[in-house]
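Each remark here refers to the structure printed beneath this line.
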Amino acid sequence: MSEYIIKNGKVYDPKTGIKGDISDVCIKNGKIAEKVSSKAKIIDAKGKTVMAGAVEVHAHVAGPKVNEGRNFRPEDKLFTYQPTGKNTRMAGGFSIPTTFKTGYEYAKMGYTTVMEAAMPPLYARHVHEEIKDTPIIDEGAFPVFGNNWFVFEYLKNDEMDNVCAYISWLLRATRGYAIKIVNPGGSEAWGWGENCATVNDPVPYFDITPAEIVKGLLTANEKMGLPHSIHIHSNNLGNPGNFETTLDTLKIAEGVRPDNKFGREQVLHHTHVQFHSYKGDNWANFESGSKEIADYFNKNKNMTMDLGCVTLDETTTMTADGPFEHHLTSLNHLKWANVDVELETSSGIVPYVYDPNIKVCAIQWCIGLELGLLAKDPMRTFITTDHPNAGPFTRYPRIMKWLMSDKTRQNMLKGFKNSDKVIAATNLASIDRELTMYEIAQMTRAGPARSLGLYNIFGGLAPGMDADVAVFNIDEDRIEDPEDIEKAFSAADCVFKSGTMVVENGEVISNGNKRTLWVDAKIPMNQQVKRDVQMKFLKFYSMNLNNYEVSNHYVPNPYVIEVDN
Amino acid sequence: MDIVKLTLTKVPGLFLEAENITPDHFAGKNAQQIGELHVHLGNQTAKISDYFSVEGKGGATAADTRIIVSGPTDKVKYIGMKMTAGEIEIQGNTDMYTAAWMAGGKIHVKGNVDSFCAIGMTGGEFIVDGNAKNYLGASYRGDWRGMQGGKIIVKGNAGSDTATFMNGGTIDIGGNVDVHLGTHAEGGKIIVRGDAKGRVGGQMVKGDIFVLGQVERMMPTYIYKGEEEAELDGKKQLFKVWIGDMGERHGKRKGEIIYGKIYIPSDGAEGIAAATHVEKKKKLTEKQLDKVKEVFKDQEPTVQQVRTYIFDSFDVDMKPMQVSRLIEGLKR
Ligand SMILES: [Zn+2]
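Chains A and B, in that order, give the protein sequences.
Taken in order, the first sequence gives residues 15 to 579; the numbers are from our numbering.
Taken in order, the second sequence gives residues 4 to 335; the numbers are from our numbering.
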């Protein structure tokens, strides 16, 4: 394998503590190395920024929900297609790009590892088929557990060993990475035409509350010592006043210590917090609750979050939170798709236009950025758009620009049609913090990698780590125009994935050697869980158990994270 | 105003995609530069000059540019796409997507146009002397933004799904329209001076549809509201009004619910034919039959082609099975 030395770049690497010092990065045999031989190819990074490959902690990029979005939104593809190139296949789509475009665009921005945030276990095969067709980036997928009948019944009966055995089996059966919880209890209640709006609303028939579900799965996660913590989208998403539900959910994890061998320091990851930080009690007096949420996060160090920034684009919302999508279609009157995933979850899709001239949209834009600026620890705060829900992931460079430039933010604020009302309902006008390049590296590399339990492999530039490296044509000390930030991060100068150069001058030059990350929790299936699984498949599932499990050929290049307890 | 004359000199084997034929692209260019602009044929790219002779030059701006397209342009798509100003005159027929997403200026087609013309139109004027096929002034597939502004005038007939998701502007059809008129509409005004074939205003939220001939069958989700005076062609006239679609959501204005409205002239109205039910002819005359034979001589037309031709040319609505037998007869 070829050797490279990236010379004289400004390196930002929280793993080794380098904060913009001029330094060389060596690559050998696919790993970061102490030194390389004289045969190494030299990359001149003088005046440029060098970081580890970025790690995406939460995006919807593969599976039935994403594909249904593609199917029912032909207008999202209109005028977006790029023909086959020298190293690329035909690719298109804006908010729901094709699998190929997904791989290319992430790579061009210097992202090398991506987590698909919601895998319905029943359709895990579809998720892996799409992951397989997404080039370059390593990917994992989080199966959803928050509305699963097995989980409900075992938790209700206080059978923690069975919960763990079932989770371990399902992670293996779906080649899944972590425990995802979406609107705990609420998506199942939706099957009964209801929802769980607070953590204490019982699920019909099962008579279990969201608080019990979250507490139970959190306990199981730590008992099993999984690399990632529970990854939660709490109840009452998108509604004015929901910041209280969010705090109620976070309190469940208060004081719980992480228990794992992966260097993970949190017991709960709350995703797209922007959607969960709303004050007011209707859309007229809707306002930002970012202060309350950020204060709580700052005090409780055993939690991480990602932002879910609104980018003010026309996009496609999609979530396993079925009742929310029904609520949304009744608000914007656009088309709606809905699916009930048998014993496991539900799902919905609605297009959405975040119009800067609409007060609520502009306030949502403020909240996402406020959370990123009010959070004191960038190692626990990650940049996302909950792609494609609050905007497409291709806008990350724009979000970095907004977080790094107060001037750009204030100009945006002043330019809104309802500027005064937006400023009155938010905190952004009074926040002048500008994030540094090092903090961006924490929020997009080191932080998410640590939170996923992958910080010994990804997200840093210490010798022995995977050689995922990105070089950007920007110098933090010589930024004349904030637009340069967006430009530089949109098309990296060069990107290495596991030591292979995949992007050069902003263009994809190699399809790399993509791997699928999954977690083998190694808890043996006990007799009761085995029997319960067989019974449920006989009685309720529309599918035979043999057709359910993801067999090896769906995951041709696995990267198994093994848990030894 | 400068004039550019394009004459089709070579009939393309495949359909020619010519979105560059707009005043916006021609402005500031001479004949040679215009000839260099690309056209697509399937997955191949060619130049305008490979298919057209180019005379004259573009004006300083789009508004100063007039384009005259002549020759057998039946297989040319996308003329005038996204144009914002200036004029295009097309002397023959054109294919799909003519005037698609047009935002301003004027396009005058002297022949017929195919489907998806003026979809997503936001402004300007689109005039067709002949007939238009399906999805005139509708939205792009999947989109909820059909015609939003401007004016479409078709002197002949229009096909099915005209004005789907329309939410502004005016469509004026001189002849008849096929099924699904103004589906999902949320604004705008449609005038059909002939008959409408049924399923008019399905899922319409808001907007006005005038049918001066007959509506073959009113949707069951429309309610007859009574007679009402409304202005048409600068004259106040009495109409029978239906409101709906009752299966859809509707907004309120000053406490009153706003419905979609279908207007049909009252019997007593002056100058407008009464909305009496006329059974459509189902058979061809000997003379018409000869014409069909002549047009499709030495061809193997599909049932749909022949049926559409008969409907457009003679206003006769034949059943597919009848047409199929007719084609069999033509072969003998
Ligand atoms: Zn999400």
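Don't be surprised by glycine CBs; every beta carbon is placed ideally from N, CA and C.
By a C-beta neighbour count over all protein chains shown, 10 Å radius and 16 as the cutoff for buried, is B:Leu-17 buried or exposed?
exposed
Please list, in chain order, all residues of the same chain as A:Ala-47 whose beta carbon is under 6 Å from its beta carbon, the five residues on each side excluded.
Cys-40, Pro-477
May I have the straight-line CA-CA distance separating B:Phe-119 from A:Glu-144, to the nearest angstrom?
33 Å
Ligand 1 and A:Thr-263: does the residue's C-beta get closer than 8 Å to at least one heavy atom of that ligand?
no
Using the beta-carbon of each residue, which ones in chain C are nearer than 9 Å to A:Glu-89?
No chain C appears in this structure, whose protein chains are A and B.
Considering only heavy atoms of ligand 1, does any lie closer than 8 Å to the CB of B:Asn-23?
no
Strictly closer than 7 Å from CB to any heavy atom of ligand 1: give me those residues in the order they appear in the chain.
A:His-72, A:His-74, A:Ala-131, A:Ala-132, A:His-247, A:Thr-285, A:His-286, A:Thr-333, A:Asp-400, A:Asn-403
Specify the secondary structure class of A:Asn-22 as computed by DSSP and reduced to three states.
strand
Quick check: what's the CA-CA separation for A:Pro-254 versus A:Asn-441?
16 Å
When the Cβ atoms of the stretch 526 to 539 of chain A are set against those of the stretch 151 to 161 of chain A, are three or more pairs found closer than 8 Å?
yes
Looking only at its own chain, which residues have a Cβ that is under 7 Å from the Cβ of A:Gly-107, when we skip the five neighbours before and after it?
Arg-84, Asp-90, Lys-91, Thr-94, Lys-115
Does any CB atom of chain A fall closer than 9 Å to the CB of B:Arg-252?
yes
Answer yes or no: do A:Val-281 and A:Leu-251 have a C-beta to C-beta separation smaller than 9 Å?
no
Burial state of B:Thr-48, where buried means 16 or more other Cβ atoms lie within 10 Å:
exposed
For A:Thr-395 and A:Thr-458, the rounded distance between their alpha carbons
9 Å
Interface flag, A:Pro-272 vs chain B, CB-CB below 9 Å
no
For B:Ala-161 and A:Asn-346, what's the separation of their Cα atoms in angstroms?
31 Å
Apart from the five residues just before and just after A:Leu-385, which ones in its own chain have a Cβ nearer than 8 Å to its Cβ?
Val-287, Gln-288, Ser-291, Ser-304, Ile-307, Ala-308, Met-319, Leu-321, Thr-395
Comparing alpha-carbon positions, which option in B:Ala-103, B:Ile-174, B:Ile-330, B:Leu-235 lies nearest B:Glu-20?
B:Ala-103
Less than 8 Å between the CB atoms is what I'm expecting for B:Leu-333 and B:Lys-296, so what's the real figure, rounded?
6 Å
Expressed to the nearest angstrom, what Euclidean distance is found between the alpha-carbon atoms of B:Ala-141 and A:Ser-361?
30 Å
Under 8 Å by beta carbon: chain B residues contacting A:Leu-231
Correct list: empty, because the minimum Cβ distance to chain B is about 38 Å.
In chain B, which residues lie with their C-beta within 7 Å of the C-beta of A:Leu-92?
Tyr-143
Counting only the same chain and skipping the five closest in sequence on each side, list residues whose C-beta sits under 6 Å from that of B:Val-180.
Ala-161, Thr-165, Val-195, Ala-199
Measure the Cβ-Cβ separation of A:Ala-535 and A:Leu-240 and say whether it is below 9 Å.
yes
At a Cβ threshold of 9 Å, is A:Pro-111 touching chain B?
no
Secondary structure, alpha helix (DSSP H): runs of 4+ residues fully inside the stretch 447 to 524 of chain A
451 to 455, 461 to 465, 497 to 504
Three or more C-beta pairs closer than 8 Å, one from the stretch 327 to 341 of chain A and one from the stretch 416 to 428 of chain A: is that the case here?
no
Should A:Ile-195 be labelled buried (16 or more other beta-carbon atoms within 10 Å of its own) or exposed?
buried
Buried/exposed call for A:Lys-49, threshold 16 Cβ in 10 Å
exposed
If the criterion is Cβ atoms closer than 9 Å, does the pair B:Met-221 and B:Gly-191 meet it?
no
Pick from A:Met-414, A:Glu-521, A:Val-543, A:Lys-550 that is closest to A:Gly-99, judged by C-alpha positions
A:Glu-521
What does A:Phe-86 reach in chain B if we use C-beta pairs closer than 8 Å?
Gly-145
I need the straight-line Cα distance from A:Lys-511 to A:Ile-193, nearest angstrom please.
27 Å
Smallest Cα separation from B:Ile-71: which of B:Gly-201, B:Leu-184, B:Ala-135, B:Phe-55?
B:Phe-55
Would you tell me roughly how many angstroms separate the C-alpha atoms of A:Lys-275 and A:Val-69, rounded to the nearest one?
20 Å
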